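Read the structure below first, then the notes.
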Amino acid sequence: MQTRRQWLMRVSGGAVLAGWSGVDLTAAELPPGLYAPSRDHLGHALAGHPVAPGGDTELVQVSGGVFRPAFFEANPYRTLQQLTGIILGEAPDSPIVREISEWIDLILSEAADVRATARAFASPHRILAIHYYGAESVRGLEEFDPQKVVREGLAWLDAESHEQSGFTALNLERQLALVHRISDPKTDNHGTRLFTYLKQRIADGFYTSRAGLEELGYRGNAFYASPPGCEHLYG
Amino acid sequence: MAVKTYDVIVVGSGASGGWVAKELTEKGVEVLMLEAGPPRVPTRDFTEHIWPYQLKYRGFGNQKKLLTDQPVQRLCYACDDYSRQFFVNDSEHPYTFPADKPFMWIRGRQVGGKTYCWARVSYRYSDFEFKGASHDGYGQDWPFSYKDLEPYYDRVENYIGVSGSYEGLPQLPDSRFLPPMRLSCGELVAKEVVEKKFGWKLIIDRSANLTVPLNGRPACHYCDQCQRGCFTASYFNSPSVTLPAAARTGRFHLVSDAVVSHLLMNHEGKADGVAYIDRSTHAAREARGKIVVLAASALESTRILLNSRSRNFPNGVGNSHGVLGHYLMDHTTLEHGGGTMAALQSSVREPVGRPCGYIIPKYVNTVGPHRNKSFLRGYYFAGDGRQELYGHASSIAGFGREWRDKVRSQIPYSFSVYAQGECLPRYDNYVKLDPEKKDAWGIPVLHIHASYGENEHAMAKAMRDHLGEIMDALKLEDRKPPVDELNIFGKNIHECGTARMGVDPKTSVLNAYNQVHDVKNVFVTDGACFVTQGCWEPTLTIMAISVRAADYIADEFRKGNV
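Chains A and S supply the protein sequences, listed in that same order.
Position 37 of the first sequence, counted from 1, bears residue number 36 in numbering that gives the first Met the number 0, the numbering being contiguous throughout.
Position 529 of the second sequence, counted from 1, bears residue number 528 in numbering that gives the first Met the number 0, the numbering being contiguous throughout.
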């Protein structure tokens, strides 16, 4: 007998259940676009590749080779990994730091394009966005430049490191001391702006990772036999 | 080659079209359904149980793509990294509005329409809606009463399954419920406070999710990802519930990717069928039928009628008195109220996955003592109480393991509350064909002219006052007041009206059975037919009305009256 918790972890582990096929979902007699309820949904959720190719969903592409950052040069990328490691309290070469650094590189590499797209909005779309999100938020999307925040922040860190090759040349103790400085919310400089930006991205990356969700004890995306509710009252 | 003439052509495969097709085919009528969008393939298009870390953008979405292809649709909460495939590409589906009257049009074109991503909230209307004009003198009554529609609500609910609690409220009649879902800790706390202090009920919402198995569909397993496509068909959508029932009769023919542009009218002034355009090849095609039922969504059905211009119908079909396109409604909401419940902060995680929230049903201007003379009609409150996942992470200072430990062990408890109110039907809220702009298939698009009026703004003041009183009574901390402005028109995706029903052909487009006054073999069964919409979500009522209309169509067809 497995608990729901183990269940959840098995699903997230991507174990492959032999014998499942999608046949019951598109019962042959139904026209395309209609479907019958899955009789083996458990099996479906446990299957390793739950989305067949050809759709709009963009999945993580697992590549066997060495990761090449799209936004960062080699040395700044090492700085990013070290900062991510320190902010998470993990080794800079650990798999979770690699996973999150790669994702941050992706977001930054597309940031200029996203901003340009927002600035090129047709007038009606901009009007809708302003009414929906508020003018300040729309201006943020059009003007906030995270690439600049990161470039300036990394340059500031390197300068404050007082070493030929910058932040990466510092020992861990001196790196920690610098990160302490930039984590001070009462100060505003390129370093603190970098910290604020990275901490939010790292929180987004970590708490959407398998390890982060496990750490939170997240009890969703699960299978329950009865509706979740107050456990004090309903048991 | 002779073109086949079907008994009935149904345009649209969503909540309304699905029911019309099911009822007609089960009564022996042969139906051709035309759907503007493509079929969805569960194994390819459903993303249920996908984890954020399996997605390239971890659930935050490909922003470039969203801004480019879906600058309008992305504003809908349900159009995200997991489910954007169920929403249209805005560049193919333009529409226009005056710069000072923004309208947010959320559309799902596919076999199943918006039933893939609807929020499943299911309420019966009462005579406070159907006979609203008799009650307070504003506008028009519907051409039937609650008693007339009640047996059709029963039929729909017995077949699709609606969970909820029996409350005996005259302003929100009980459905034939499956067992209710459960309130969360914070909602139970709020229930006690709200019911004691204000005398208003706080109850679990009414939702078209199965809490027990029904008609061969397994019960919900509470993953709370309905809008990503549900493999077990445990909530109502037409592709897994009504359309398969129609298909099993052998009298159901489905053509997807068929973008209907207008009705084909004969010299007797009746419809012969419809003209449509192949979505992929853009080839012009025709389909022939003895009866045409438009169920393409309120604004799309009206657009087809407006675009059906001919010598006999220079302003479109059903528009001989200039009513078509008018009396557009969408609910008002005051949103984003809430805060945290300090007493419920915890280090222990609670289970999550309930696919609905709580509601405080309308209490003002109904049967109880709560009256407000500064506006007509009323509103209700909704929201939910739940633990933060990691939204508190950035407000906890510091970094490293210490920071993570605090994020894990100091879980704030959030309580949200917003109000949704009735929008009065007004002639000045209307849609018409844009004189210039066309969509990707060369069909004239809609120009939408809609804004909220005095009554909605007066009601918003009362909503805001009471939202504040609720938040005070619950002693919420880190309080967020509701936003200053009412929502953008259309944002609630409850657009209704524009081809309303009525007894008088001079002031309405359809009769009591959804039949166009001017053209007896054309029917409109979706939200376009609504006379008023109360403050309640319209889909359950759309379905009940569709069944009632289908009954009538089958009868009239058998008798040779249409």
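C-beta atoms are modelled at their ideal positions from N, C-alpha and C, and glycine is treated no differently.
Given the structure is predicted, the values throughout are model-derived calculations rather than measurements.
Fill in: Listed by chain order, chain A residues near residue 352 of chain S by CB distance under 7 Å
Chain-order list of chain A residues neighbouring residue 352 of chain S: 219, 221, 223 and 227, by C-beta distance under 7 Å.
Practice prompt. Would you verify that the beta carbon of residue 217 of chain S is, or is not, closer than 9 Å to some beta carbon of chain A?
Written response: Using a CB distance cut-off of 9 Å, residue 217 of chain S counts as an interface residue toward chain A.
Fill in: Helix, strand or coil at residue 250 of chain S [DSSP, three-state]
Secondary structure of residue 250 of chain S (DSSP, three-state): coil.
Worksheet item: Between which two residues does the alpha helix (DSSP H) harbouring residue 94 of chain A extend?
Response: Secondary structure note for residue 94 of chain A: its alpha helix (DSSP H) is the uninterrupted segment 94–118.
Worksheet item: Looking at the C-beta of residue 12 of chain S, does it have a partner C-beta in chain A at a distance below 9 Å?
Response: Closer than 9 Å to some Cβ of chain A, the Cβ of residue 12 of chain S qualifies, so yes.
Fill in: Chain-order list of residues whose beta-carbon lies under 8 Å from that of residue 229 of chain S (same chain, five-residue window excluded)
Closer than 8 Å at the Cβ level, and outside the excluded window around residue 229 of chain S, lie 45, 47, 236 and 239.
Worksheet item: Any idea which residues DSSP pairs residue 283 of chain S with across the strands?
Response: Looking at the DSSP assignment, residue 283 of chain S forms a beta bridge with S:276.
Fill in: Proximal residues to residue 93 of chain S (C-beta, below 8 Å), its chain only, five neighbours per side dropped
Taken in chain order, the residues that qualify are 436, 438 and 444.
Worksheet item: Secondary structure at residue 526 of chain S, three-state DSSP: helix, strand or coil?
Response: Three-state result, residue 526 of chain S: helix.
Discussion item. Any beta carbon of chain A sitting closer than 9 Å to that of residue 358 of chain S?
Written reply: Not an interface residue.
Worksheet item: Given residue 384 of chain S, which residues of its chain have a CB within under 6 Å of its CB, disregarding the five upstream and five downstream residues?
Response: Only residues of its own chain outside the window of five on either side were considered, and among them 183, 185, 186 and 414 have a CB closer than 6 Å to the CB of residue 384 of chain S, listed in chain order.
Fill in: Three-way DSSP call (helix, strand, coil) for residue 87 of chain S in this model
Residue state, collapsed to three classes: coil.
Item to complete: Note down, in chain order, every chain S residue with its Cβ under 8 Å from the Cβ of residue 59 of chain A.
Response: Residue 59 of chain A reaches chain S at 52, 53, 54 and 55, counting residues in chain order whose Cβ is nearer than 8 Å.
Fill in: Pairwise C-alpha distance: residue 316 of chain S and residue 260 of chain S
Answer to the nearest angstrom: the Cα atoms are 13 Å apart.
Fill in: Proximal chain S residues relative to residue 109 of chain A, where beta-carbon distance stays under 9 Å
Think of a sphere of 9 Å around the beta carbon of residue 109 of chain A: the chain S residues whose beta carbon falls inside it are 61, 62 and 63, in chain order.
Discussion item. At the level of alpha carbons, what is the spacing between residue 80 of chain A and residue 174 of chain A?
Written reply: Those two C-alpha atoms are separated by around 12 Å.
Worksheet item: When you check each C-beta in the segment 387–405 of chain S against every C-beta of chain A, which residues fall closer than 7 Å?
Response: Contact annotation: in the segment 387–405 of chain S, residues whose CB is within less than 7 Å of a CB in chain A are 388, 389, 392, 393, 396, 397, 398, 399, 400 and 403.
Fill in: Nearest to residue 440 of chain S (by Cα), restricted to the options S:425, S:324, S:284 and S:169
Checked all of S:425, S:324, S:284 and S:169; the closest Cα to residue 440 of chain S is S:284.
Fill in: Contact belief for residue 549 of chain S with residue 527 of chain S at Cβ below 8 Å, rounded distance in angstroms
Actually they do not touch by this definition, with Cβ atoms about 16 Å apart.
Item to complete: Let me know the secondary structure DSSP gives residue 152 of chain S once reduced to three states.
Response: Secondary structure at residue 152 of chain S: helix, using DSSP grouped into helix, strand and coil.
Worksheet entry | CA-to-CA distance, residue 340 of chain S to residue 462 of chain S, given in whole angstroms | For the pair residue 462 of chain S and residue 340 of chain S, the Cα-to-Cα distance works out to about 21 Å.
Worksheet item: Where residue 112 of chain A and residue 140 of chain A are concerned, what is the direct C-alpha to C-alpha distance, given to the nearest angstrom?
Response: So the alpha carbons of these two residues sit roughly 11 Å apart.
Fill in: Through-space distance from residue 33 of chain S to residue 433 of chain S, alpha-carbon basis
Residue 433 of chain S and residue 33 of chain S have their C-alpha atoms spaced approximately 24 Å apart.
Discussion item. Suppose the cutoff is 6 Å on Cβ atoms and the five residues either side in sequence are ignored; what does the same chain contact list for residue 542 of chain S look like?
Written reply: Once the five neighbours on either side are set aside, the close Cβ partners of residue 542 of chain S are 14, 18 and 155.
Item to complete: For residue 166 of chain A, go through chain S and note every residue whose CB falls closer than 7 Å to its CB, in chain order.
Response: At a beta-carbon threshold of 7 Å, none of the residues of chain S lie near residue 166 of chain A; the nearest stands roughly 15 Å away.
Fill in: Short Cβ contact (9 Å threshold) for residue 423 of chain S with residue 375 of chain S
Yes, Cβ-Cβ distance for residue 423 of chain S and residue 375 of chain S is below 9 Å.
Worksheet item: Between the segment 76–96 of chain A and chain S, which residues of the former have CB atoms less than 8 Å from a CB of the latter, in chain order?
Response: Taken in chain order, the members of the segment 76–96 of chain A whose beta-carbon sits within less than 8 Å of a beta-carbon on chain S are 85, 86, 87 and 88.
Worksheet item: Excluding the five sequence neighbours on either side, which residues of its own chain have a C-beta within less than 6 Å of the C-beta of residue 472 of chain S, listed in chain order?
Response: Exclusion of the five residues before and after residue 472 of chain S leaves 192 and 196 as the residues of its chain whose Cβ lies within less than 6 Å of its Cβ.
Practice prompt. Closer than 7 Å by beta-carbon distance: list the chain A residues that pair up with residue 409 of chain S, in chain order.
Written response: Contacts between residue 409 of chain S and chain A, judged by CB atoms closer than 7 Å, are missing: the closest CB pair is about 12 Å apart.
Worksheet entry | For residue 178 of chain S, the residue or residues it bridges with in DSSP | Answer by DSSP bridge pairing: none, since residue 178 of chain S is not bridged.
Worksheet entry | Neighbour-count burial assignment, residue 161 of chain A, 16 or more Cβ in a 10 Å radius | Exposed, since its Cβ has fewer than 16 Cβ neighbours within 10 Å.
Discussion item. Residues in the same chain with beta-carbon distance under 6 Å from residue 96 of chain S, minus the five sequence neighbours each way, listed in chain order, please.
Written reply: Cβ neighbours of residue 96 of chain S within its own chain (closer than 6 Å, five residues either side excluded): 102 and 447.
Item to complete: Using three-state DSSP, classify residue 192 of chain S as helix, strand or coil.
Response: Residue 192 of chain S falls in the helix class under three-state DSSP.
Item to complete: Pull up the distance between the alpha-carbon of residue 109 of chain S and that of residue 231 of chain S, whole angstroms please.
Response: Near 19 Å, if we compare the C-alpha coordinates of residue 231 of chain S and residue 109 of chain S.
Worksheet item: What is the residue span of the alpha helix (DSSP H) that residue 436 of chain S lies within?
Response: No alpha helix (DSSP H) contains residue 436 of chain S, which is instead part of the beta strand (DSSP E) from 429–437.
Worksheet item: For residue 58 of chain S versus residue 87 of chain S, is the C-beta distance shorter than 9 Å?
Response: Taking 9 Å as the Cβ cut-off, residue 58 of chain S and residue 87 of chain S do not qualify as a contacting pair.
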